[in-house]
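Here the sequence shown stands for residues -22 to -1, 1 to 402, numbered as in mature numbering (1 follows the signal peptide of the UniProt record, and there is no 0).
For every residue, glycine included, the Cβ atom is placed at its ideal position computed from N, Cα and C.
Take a look at the structure set out below.
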Amino acid sequence: MNMKSVILAATAAIALASPALAQVKVGHLADYSGATSDVGVPFGQGVADALAYINKTGGAGGTQMGVETFDYGYQVPRAISQYKKWSGRDKVVAIQGWGTADTEALITFIAKDEIPYFSGSYAGQLTDPNGSGEKSTKAAPFNFFYGPSYSDSLRAMLQWAAEDWKAQGGSGKPKYVHMGANHPYPNAPKEAGEELAKELGFEVLPAVQFALTPGDYTAQCLTLKDSGANYAYLGNTAGSNISVLRACDTVGAKVQFMGNVWGMDENAMKAAGKAADGVVFPVRTGVVWGGEAPGMQTVREISKVSDASGNAYRPVHYISGICSAYYMKEAMEWAAKNGGITGANIKQGMYQKKDWVPAGMEGVCVPSTWTPDDHRGTTTVAIYRAKVGGATEASVDELVKAGTIKLEKVTSVDLPRKKEWLGW
């Protein structure tokens, strides 16, 4: 799906929630053109399609949503400016957001304005509603996201890596390195990961920086090779990670790469080819596209909002975007029955269920629980491995059907819900 069709689809989604029918307004902040658009497009499309489908099938508890999707190009000033419009003139009751830098910049604003903010950022800082965590920097009472935090995902992968090192017959201390841009998003789990790595017996190497955009990262890969690193965390989105994987493959840096949740997907596997083979990364949903689960019937209907043929292959991020929208939907439905759909009531709606899967999403969205004291929806991390077994010139759909690219589940790690990890 090219950028023009994506934007047209988003416009169609907005049209389905026409102002004449709308009773509440919802903002949707997306990156369709900026540094993280490689993963922002499929996630944003999942959110947009889900919101349009919800309106088409009766709304949130019978209430239509007037949805405005805004492409802010991953630029914090534009996000803040758009937020001021939404919170001021438009009076939105909730926002589906995106990046870490902009989400963190808005924490205080959304708390003051009581607007629940469902982000595509999974920074640990966003998980502490009261600011009570030992390493929290501020309270984030109106921030929510679907999936494990960046920090918890990295903790889980490090636990897997420690076991993998033993299973591979490694001797001595395995070497671990954090890689990514010097930016709030890749840096969000850096300290948490390095601290746990030391506790698990890793030798922690100096971080290796590379930009959020694609480029020539031969120098970084030579540094990686010379360091003797065994396990490397890729903190950027797939677009720039592809460049690193290719460069490291070229120079012969034999490292087990661990991507963050946005660091790998089916599109990246096609683009990187054999260089992506073996990368492990967390997957937020119970199934991937083509998998079998009761909720996939609903997901396929949602997909038809922007692909009437029903033939488009949807990467992992698209399905996660749907889950984000559906948790908000059900919180709005609770609010409608308990004082009306306001931001404060939607927030309370997020606390009403334990091990919660939205109706129609059975087997797709992972059971999640939010409480007034803990916004870590889940601390269970499913780790998958990217498998690339041949040339990748065909479409993603064709490559998956042929078995050339596969997502194989490696393990699922249940992390303890430690108080000292809240907000960090």
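Selection from the options that minimises the alpha carbon distance to residue i
| i | options | result |
| --- | --- | --- |
| V233 | D204, R395 and S11 | D204 |
| F48 | D352, P345 and I73 | I73 |
| E376 | N245, Q330, V265 and Y329 | N245 |
| K153 | E82, P107, G40 and N208 | N208 |
| N238 | G125, E308 and A26 | G125 |
| L400 | G111, G269 and N323 | G111 |
| K63 | G77, E46, A231 and N121 | E46 |
| A175 | Q198, S131 and T191 | S131 |
| F87 | L29, T115, G102 and F120 | F120 |
| R2 | T276, T320, T35 and K397 | According to the sequence as given, residue 2 is Val; it is not Arg. Residue T320 is the option with its Cα nearest to V2. |
| A189 | V222, L178 and A210 | V222 |
| T389 | V258, G367, D16 and Q198 | V258 |
| G158 | Y195, T81 and G147 | Y195 |
| M135 | D392, K397 and E398 | D392 |
| T370 | E82, D255 and D352 | D255 |
| S99 | Y128, K113, G193 and D91 | Y128 |
| residue 484 | G206, V378, K325 and L84 | Residue 484 falls outside the range modelled here, since the chain spans only -22 to 402, and no answer is possible. |
| G193 | Q53, S218 and A118 | S218 |
| A118 | A140, G269, W138 and L84 | L84 |
| V359 | P345, K365 and V366 | P345 |
| S302 | V366, K315 and F123 | F123 |
| G37 | E398, G381 and A314 | A314 |
| G338 | K365, Q326 and I297 | I297 |
| A309 | G288, H295, K331 and Q53 | K331 |
| T347 | K365, A364 and G327 | G327 |
Distance, residue j Cα to residue i Cα
| i | j | result |
| --- | --- | --- |
| N165 | D285 | 36 Å |
| A79 | P260 | 21 Å |
| residue 403 | C343 | This structure gives no information on residue 403, because the portion of the chain shown stretches from -22 to 402. |
| Q60 | T105 | 24 Å |
| W143 | L212 | 18 Å |
| A271 | R278 | 11 Å |
| V283 | Y31 | 7 Å |
| L(-7) | I300 | For L(-7), the pLDDT reaches just 45, beneath the cut-off of 50, and the residue's location in the model is therefore unreliable, although a value from the coordinates is still provided. So the alpha carbons of these two residues sit roughly 17 Å apart. |
| L200 | Y329 | 48 Å |
| G24 | R292 | 9 Å |
| Y50 | A13 | 11 Å |
| L7 | A372 | 32 Å |
| A(-1) | K69 | Because the pLDDT of A(-1) is 47, which lies under 50, any placement of that residue in the model is unreliable, and the question is left without a value. |
| V186 | A170 | 16 Å |
| P336 | L29 | 14 Å |
| K396 | L178 | 16 Å |
| G273 | T115 | 38 Å |
| Y304 | K384 | 27 Å |
| G22 | D352 | 26 Å |
| L44 | E311 | A small correction: the amino acid at residue 44 is Gly; Leu does not occupy that position in the sequence shown. Rounded to whole angstroms, G44 to E311 spans 15 Å at the Cα level. |
| Q275 | A231 | 42 Å |
| K253 | D227 | Sequence inspection shows Ala at residue 253; the Lys mentioned does not correspond to that position. Taking the straight line joining both Cα atoms gives about 6 Å. |
| V155 | N323 | 43 Å |
| P184 | E173 | 13 Å |
| T382 | S281 | 24 Å |
| D91 | I58 | 14 Å |
| K307 | H161 | 32 Å |
| T215 | N108 | 30 Å |
| Y362 | P20 | 19 Å |
| Q137 | T357 | 13 Å |
| A101 | V229 | 32 Å |
| K387 | F96 | 27 Å |
| D9 | P94 | 19 Å |
Enclosing beta strand (DSSP E) for residue i [first to last residue]
| i | result |
| --- | --- |
| S390 | I383 to D392 |
| A8 | V2 to A8 |
| G237 | Q234 to G237 |
Residue i: first and last residue of the uninterrupted alpha helix (DSSP H) it sits in
| i | result |
| --- | --- |
| L132 | Y128 to A145 |
| D16 | S15 to K34 |
| D204 | T196 to S205 |
| V294 | V294 to K315 |
| K252 | Run containing K252: none; DSSP gives neither H nor E here. |
| T276 | M274 to S281 |
| I324 | G321 to G327 |
| Y291 | No alpha helix (DSSP H) contains Y291, which DSSP labels as neither H nor E. |
| K375 | In the sequence on display, residue 375 carries Asp and not Lys. Note, D375: alpha helix (DSSP H), V374 to A380. |
| P162 | P162 to N165 |
Identity of the residues DSSP links to residue i by a beta bridge
| i | result |
| --- | --- |
| K153 | E181 |
| P260 | I361 |
| G269 | None, per the DSSP bridge assignment. |
| W334 | S346 |
| V186 | M157 |
| F96 | Q74 and F122 |
| D106 | Answer is none; D106 lacks a bridge partner. |
| D352 | T349 |
Proximity test, residue i beta-carbon vs the ligand FMN heavy atom, cut-off 7 Å
| i | result |
| --- | --- |
| S110 | What this structure holds is no ligand at all, so the ligand FMN is not there to describe. |
Could you pull out every unbroken beta strand (DSSP E) segment of at least 3 residues lying fully inside the stretch 208 to 232, listed in chain order? 209 to 212
Residue ranges of each alpha helix (DSSP H) within the stretch 39 to 91, 4 or longer: 54 to 63 and 78 to 91
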